[in-house]
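What follows is a single structure, written as structure tokens, with notes after it.
In this note's numbering, the protein residues as written are 2 to 102.
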């Protein structure tokens with residue numbers, strides 16, 4: 002079977018995240034996703050999925066503007082952001098990474 006576009010993009014991002022960020026394919030930032038005003042916007046949470054699955058969920062959902070992937074102890078959180086454009090990661094929180102389309 003052929004890999005989906007999301008899987009091919011994931012492979013490139015996973016192997017060279019800095020290149021994808023430099024090419025502006027996705028904004029990649031440490032910490033929680035944030036809007037221009039600094040709040041977290043609206044999002045839908047999914048728990049205990051892999052980072053790849055979180056990427057696929059966002060990539061395939063037209064309303065998803067980006068996602069935040071967090072490790073909270075032994076729990077994995079995928080937050081799919083919608084409605085309000087994300088502009089940056091808050092930094093500081095090394096357990097979370099923000100990816101913006």
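Even for Gly, the Cβ is constructed at its ideal location relative to N, Cα and C.
Taking C-beta separations shorter than 8 Å and ignoring five residues to either side along the sequence, the partners of residue 87 in its chain run 28, 34, 35, 36, 42, 66, 67, 99 and 101, following chain order. Residue 81 and residue 45 have their C-alpha atoms some 5 Å from each other. Residue burial is scored here from C-beta neighbours: residue 69 has at least 16 other C-beta atoms within 10 angstroms and is therefore classed as buried. Residue 39 counts as exposed, since fewer than 16 other beta carbons sit within 10 angstroms of its beta carbon.
Distance from the CA of residue 79 to the CA of residue 51, rounded to the nearest whole angstrom, comes to 8 Å.
When only Cα atoms are considered, residue 53 and residue 63 end up about 17 Å apart. Cβ neighbours of residue 48 within its own chain (closer than 8 Å, five residues either side excluded): 76, 77, 78 and 79. Secondary structure note for residue 52: it is in no beta strand (DSSP E), and the uninterrupted alpha helix (DSSP H) holding it is 52–61.
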